[in-house]
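Visitor:
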């Protein structure tokens, strides 16, 4: 696994000059993923969403690798087609290099719209890595709720109002859905822990076969916090057990980080504008519900890891 | 990209024929504050470099050598992540003045 010096020597394949917000977490995900994958040629596709929209405004592209723009729902299908074509060309001897295949999608394009394309690609066993940068809402179109949006979060389609304080439902656990596919490698990582994330990308690519990594990506615009906190809020989500770092390798669960002391979820939530309304005393029961849910999920995960 | 090209001069399907052309686009004028680097407090941990969303930390021989202010949007992640030496940060944000 490469350390920072070795990563730096590889050189950036995701350049500056893209049009993401100042302090955008998605561009950190793309940069670090390409640095980790960068010792061999890679082909990238990206579902329509923040990352694709900000990085490929014609006639500019921030990707210094072969890149295909796909529609919202089918980045997994697109990259699996490319991989299938590569396999054939490789067999015929036309293409000799060992090429890797990466797909990016936001939580909207992965949890909701692209779920069936992703599930299909994983089941077919393509040699590809799908990275979901999960910022917990449709940020590109102006912060609409997705099935990744956590309970209580105020978005434009689940606004905080007099009757309903933010999103009512809990978020879907996509990492577990992917693990249920029985693929060689599934992991959860976070913006704010470069070593965990780059290690997981390297591991997933070295493993071969279909792999999936969900990365929690703080979004300064949609979550509402000062831009310098992007990495910090990612780490805090791990320390509150909201977003545990773990991997599932060939069906075996492994925790990658256990917080010394579980911080209360409020510490993470109340730094963000989208949860601000929950500070009111009458909403304390919602915070308690969320805390209970997090603790239950954490206990479940620990059971799986001890198997 | 100073002049608009005619459609016949463009690649088929609106392809961009060369990678990484975004470096020609300057995003530095978005900035309201700029990072200032003090090498004497720097321990060369490279955290600023690895967390920069805009690839704007310049490395020379694997060491931090300053910032690319044509791309830096002034988010301040580098200054926030900087551990510094003896708790004195090597990167501080300074307000842009006009």
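Residue numbers (the numbering used here), protein chains in the order written: chain A, 64 to 370; chain B, 269 to 366.
Ideal Cβ positions, reconstructed from N, Cα and C, are used throughout, including at glycine.
Roughly how many angstroms lie between the CA atoms of residue 329 of chain A and residue 353 of chain A, to the nearest whole one?
Guide: Near 10 angstroms, if we compare the C-alpha coordinates of residue 353 of chain A and residue 329 of chain A.
Visitor: Of all Cβ atoms in chain B, is any one closer than 8 angstroms to the Cβ of residue 81 of chain A?
Guide: Yes - at least one Cβ of chain B is within 8 angstroms of the one on residue 81 of chain A.
Visitor: Of all the options A:234, A:117 and A:205, which has the alpha carbon lying nearest to the alpha carbon of residue 306 of chain A?
Guide: Ranking A:234, A:117 and A:205 by Cα distance to residue 306 of chain A puts A:234 first.
Visitor: Would you mind stating whether residue 197 of chain A and residue 161 of chain A have Cβ atoms separated by less than 8 angstroms?
Guide: Their beta carbons are not under 8 angstroms apart, which means residue 197 of chain A does not touch residue 161 of chain A by this criterion.
Visitor: Considering only the alpha carbon of each residue, which of A:103, A:112 and A:97 lies closest to residue 82 of chain A?
Guide: For residue 82 of chain A, the nearest C-alpha among the options comes from A:112.
Visitor: Could you pull the start and end residues of the beta strand (DSSP E) that residue 371 of chain A belongs to?
Guide: Lying before the first or after the last residue shown, residue 371 of chain A is absent from chain A, which here runs from 64 to 370.
Visitor: Within 10 angstroms of the Cβ of residue 279 of chain A, are there 16 or more other Cβ atoms? Answer buried if so, exposed if not.
Guide: Burial call: buried.
Visitor: At 9 angstroms on the CB atoms, spell out the chain B contacts of residue 288 of chain A, in chain order.
Guide: Near residue 288 of chain A there are no residues of chain B at all, since even the closest Cβ is about 11 angstroms away, more than 9 angstroms.
Visitor: Rounded to whole angstroms, what is the Cα-Cα separation between residue 301 of chain B and residue 87 of chain A?
Guide: Cα-Cα distance, rounded: 16 angstroms.
Visitor: Below 8 angstroms on the Cβ atoms is my contact criterion, and I expect residue 227 of chain A with residue 304 of chain A to pass it. Report the Cβ-Cβ distance as a whole number of Å.
Guide: With a Cβ gap of about 26 angstroms, residue 227 of chain A and residue 304 of chain A do not count as contacting.
Visitor: Sorted by chain position, which residues of the same chain lie with C-beta nearer than 7 angstroms to residue 343 of chain B's C-beta, five sequence neighbours on each side aside?
Guide: 321, listed in sequence order.
Visitor: Chain B partners of residue 78 of chain A, CB-CB under 7 angstroms?
Guide: 288, 290, 291 and 323, listed in chain order.
Visitor: Am I right that residue 279 of chain B and residue 310 of chain B are in contact with their C-beta atoms under 8 angstroms? What's the rounded C-beta distance?
Guide: Actually they do not touch by this definition, with Cβ atoms about 43 angstroms apart.
Visitor: Please classify residue 156 of chain A as buried or exposed, where buried requires at least 16 neighbouring CB atoms within 10 angstroms.
Guide: Exposed is the call here.
Visitor: Counting C-beta neighbours from all protein chains within 10 Å, is the total for residue 130 of chain A 16 or more, i.e. buried, or is it exposed?
Guide: So residue 130 of chain A ends up on the buried side.
Visitor: Rounded to the nearest angstrom, how far is the Cβ of residue 339 of chain B from that of residue 188 of chain A, given a contact under 8 angstroms?
Guide: Going by Cβ atoms, the distance from residue 339 of chain B to residue 188 of chain A rounds to 40 angstroms, so no, they are not a contact pair.
Visitor: Kindly say whether residue 284 of chain B, judged by its beta-carbon, lies nearer than 8 angstroms to any beta-carbon of chain A.
Guide: Answer yes: the Cβ-Cβ gap between residue 284 of chain B and chain A drops below 8 angstroms somewhere.
Visitor: Whose Cβ in chain A lies nearer than 7 angstroms to the Cβ of residue 343 of chain B?
Guide: The contacting residues are 85, 86, 290 and 291.
Visitor: Answer yes or no: does any C-beta atom of chain B fall closer than 8 angstroms to that of residue 298 of chain A?
Guide: Closer than 8 angstroms: no.
Visitor: Which same chain residues end up closer than 6 angstroms to residue 325 of chain A when comparing Cβ atoms and leaving out the 5 residues on each side of it in sequence?
Guide: So the qualifying residues of the chain are 304.
Visitor: Establish whether the CB of residue 305 of chain B and some CB of chain A are separated by less than 8 angstroms.
Guide: Taking Cβ atoms only, chain A never reaches closer than 8 angstroms to residue 305 of chain B, which makes this a no.
Visitor: What is the rounded straight-line gap between the Cα of residue 306 of chain B and the Cα of residue 323 of chain B?
Guide: Whole-angstrom Cα-Cα distance: 19 angstroms.
Visitor: Do you know how far the Cα of residue 260 of chain A is from the Cα of residue 95 of chain A?
Guide: Each residue's Cα considered, the two are about 8 angstroms apart.
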